[in-house]
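Peer 1: In our numbering, the protein residues as written are -16 to 85. Heads up, the beta-carbon is just placed ideally off N, CA and C, and yes, glycines get one too.
Structure representation (structure tokens):
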């Protein structure tokens, strides 16, 4: 099934004004650019952006590019969240501000 059937929410446009689509996934842990870091493990990838204080924020889903938000189910013991739009499970890089925002 395509993404329009997986999401089950009728929409015509999804706009992410603050983040470009993730670059190709590297085979090792390495920065993609100075503002974006993509981290790859054996089975999952975490994409984050850095703010002006060089703190990681704005986690996004690798499947549909939705941002981590208050509607996402977050498991602090595993550091994983479930995207509320597509149902994909993603890793979250540790951040002191993450628990404050969820």
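Roughly how many angstroms separate the alpha carbons of residue 60 and residue 66, rounded to a whole number?
Peer 2: Straight-line Cα distance between these residues: approximately 17 Å.
Peer 1: In three-state terms, what does DSSP make of residue 74?
Peer 2: Strand, per DSSP.
Peer 1: Please classify residue 52 as buried or exposed, where buried requires at least 16 neighbouring CB atoms within 10 angstroms.
Peer 2: Exposed, because fewer than 16 other Cβ atoms sit within 10 Å of the Cβ of residue 52.
Peer 1: Can you pull the DSSP bridge partners for residue 63?
Peer 2: Paired residues: 58 and 74.
Peer 1: Give the DSSP-derived three-state secondary structure of residue 44 in the structure shown.
Peer 2: Residue 44: coil per DSSP, three-state reduction.
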